[in-house]
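This is the structure:
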């Protein structure tokens, strides 16, 4: 039995800003189900985390060195769905609204990383492996190597998005870290303290969230400046595609839907009609609906959509978009929705229940990302029996197989180049398949057979843990 400690900055159901929280909320349970490991998770205790005090135990309080200061940390414990969660509380760093976006985020997560190390003697188990996720915990593999808190403990570091690296001025090394200057080499990049570099350099094993992304980030276009370092450490770098919690995302049981369904195009059409009615669009089972649920930012490729909106709307199609982000993209979509009220609806906010109804009611789910480490949207779409249209990058390439009308293989549609016309051509092809009933039945059957759960990926993680 392996004892694994997950460390991350967010986790459902406690705190979420993005897909990282979904992964940390579902992967430990999938690993635990394999019955070869005991998984515990440790998180910051943000002010926005509301826990039932009757279910939460104060384990201990201890001091954490942060430069010349000692900050007090309190360790809390909670059991939820057979997983033990620990929370590190400090009112100075985490007694604030929200999760990220503060001027001292670097210092906050230096504190958290060191606090994880200082908390180890107070846990109810001794970890064999500490598995850290993204830059907020990138210093933990470094502290494991340098401070050696537990004899023989190994470290795994997972890159969920290399664009965010936790960069600070170099003088923060002496100001915050309390370790010898000889260790600066393993944490400095381009003259700056870089938490992502620290994780890559010091971890015993390095993973990303899809095999394609593991290859892509070794090249300058995707590597965000760290590609030389990743090429140097490529022998310990693996890509394991994410999964989703298929009990949480389940059209058979989802209470947000107009009608529950399973492998039924007719029942799915009932959700489509209900979605069209909710969105004040003409109700038509024959008109294809394209859904987009996304942060409206450059990475997600929404500029390709806004560039080709007029051409897309010349088709007999309806477009339902849910999300917030870049102001210029929002303005373009708001103007288009006002101009084409019969074809496009733009919800300029986020609502989980509405998102589920879009997944269930749409015929297609569009993800034209410039880069996508893994992506969960296309997996949720497949789970809700909706055909993804994606750009072939990262996890989108690994999980969506382009449909071939001759071999009848494939569970979605894709395009290679980050180009608006290529995206439009892929969308037109998808619409043509939709209008050919025999071919559309083929792709639906392929979608029904798609695997979106954590089962296979959990086995891969477990194999890597055992190898360590």
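Residue numbers (full-length UniProt numbering): 1 to 468.
Heads up, the beta-carbon is just placed ideally off N, CA and C, and yes, glycines get one too.
Just so we're clear, the structure is a prediction, and the values are computed from it rather than from any experiment.
- Out of 305, 459, 422, 357, the CA that lies nearest to the CA of residue 392 is found in 422.
- For residue 141, the enclosing alpha helix (DSSP H) has its first and last residue at 139 to 147.
- Around residue 3, the same chain offers 37, 38, 40, 125, 126, 127, 128, 129 as residues with beta carbons nearer than 8 Å, after the five sequence neighbours per side are excluded.
- Following the DSSP letters along the chain, one finds residue 330 inside the alpha helix (DSSP H) bounded by residues 327 to 339.
- In the structure shown, residue 366 falls within a strand segment according to DSSP collapsed to helix, strand and coil.
- Leaving aside the five residues that flank residue 164 on each side, the residues in its chain whose CB is nearer than 8 Å to its CB run, in chain order, 134, 135, 196.
- In the three-state DSSP reduction, residue 227 falls in the helix class (H, G or I).
- Under the DSSP definition of a beta bridge, residue 76 partners with 58, 87.
- Judged by their CB atoms, residue 415 and residue 425 are nearer to each other than the 9 Å cut-off.
- Going by DSSP, residue 279 is part of no alpha helix (DSSP H) at all; its letter is neither H nor E.
- Residue 224 has its alpha-carbon roughly 21 Å from the corresponding atom of residue 184.
- In terms of Cβ geometry, residue 250 and residue 27 do not form a close pair [threshold 9 Å].
- The C-beta distance from residue 20 to residue 30 rounds to 16 Å, too long to fall under 8 Å, and the pair is not in contact.
- A straight line joining the alpha-carbon of residue 317 with that of residue 381 spans about 18 Å.
- Taking a cut-off of 8 Å on C-beta distances, the region 281 to 299 touches the region 318 to 328, as three or more cross pairs fall below it.
- Between the alpha carbons of residue 218 and residue 194 lies a gap of roughly 17 Å.
- Residue nearest to residue 410 within the set 439, 178, 420, 432 is 439 (criterion: CA-CA distance).
- Per DSSP, the unbroken beta strand (DSSP E) holding residue 320 starts and ends at 318 to 322.
- Here residue 452 is buried. Its C-beta has 16 or more other C-beta atoms within 10 Å.
- The residue from 97, 88, 96, 288 with its alpha-carbon nearest to that of residue 115 is 88.
- DSSP assignment within the region 371 to 425 yields the following whole beta strand (DSSP E) runs of 3 residues or more, N-terminal first: 387 to 391, 413 to 415.
- Note on geometry: alpha-carbon atoms of residue 267 and residue 259 lie some 7 Å from one another.
- Taking a cut-off of 8 Å on C-beta distances, the region 43 to 56 touches the region 87 to 102, as three or more cross pairs fall below it.
- Sequence-distant Cβ neighbours of residue 337 in its own chain, meaning closer than 7 Å and more than five residues away, are 344, 345, 346.
- For the pair of segments examined, the region 136 to 146 was found to touch the region 195 to 210: the number of CB pairs separated by less than 8 Å reaches three.
- Collapsing the DSSP output to three states places residue 202 in a helix.
- Here residue 395 is not near residue 443, since their CB atoms are 9 Å or more apart.
- Counting C-beta atoms within 10 angstroms of its own C-beta, residue 161 has 16 or more neighbours from the protein chains shown and is therefore classed as buried.
- According to DSSP, residue pairing for residue 11 in a beta bridge involves 15.
- Residue 250 carries a coil assignment under DSSP once its states are collapsed to helix, strand and coil.
- Non-local beta-carbon contacts of residue 220 in its own chain, meaning distances under 6 Å to residues more than five positions away in sequence, involve 227 in chain order.
- According to the DSSP assignment, residue 192 belongs to the beta strand (DSSP E) that extends over 192 to 194.
- For residue 160, no alpha helix (DSSP H) segment is defined, and its DSSP state is neither H nor E.
- Here DSSP, grouped into helix, strand and coil, assigns residue 71 to strand.
- Annotation: residue 256 to residue 23 spans about 22 Å, alpha carbon to alpha carbon.
- Here the C-alpha atom of residue 331 lies approximately 21 Å from the C-alpha atom of residue 314.
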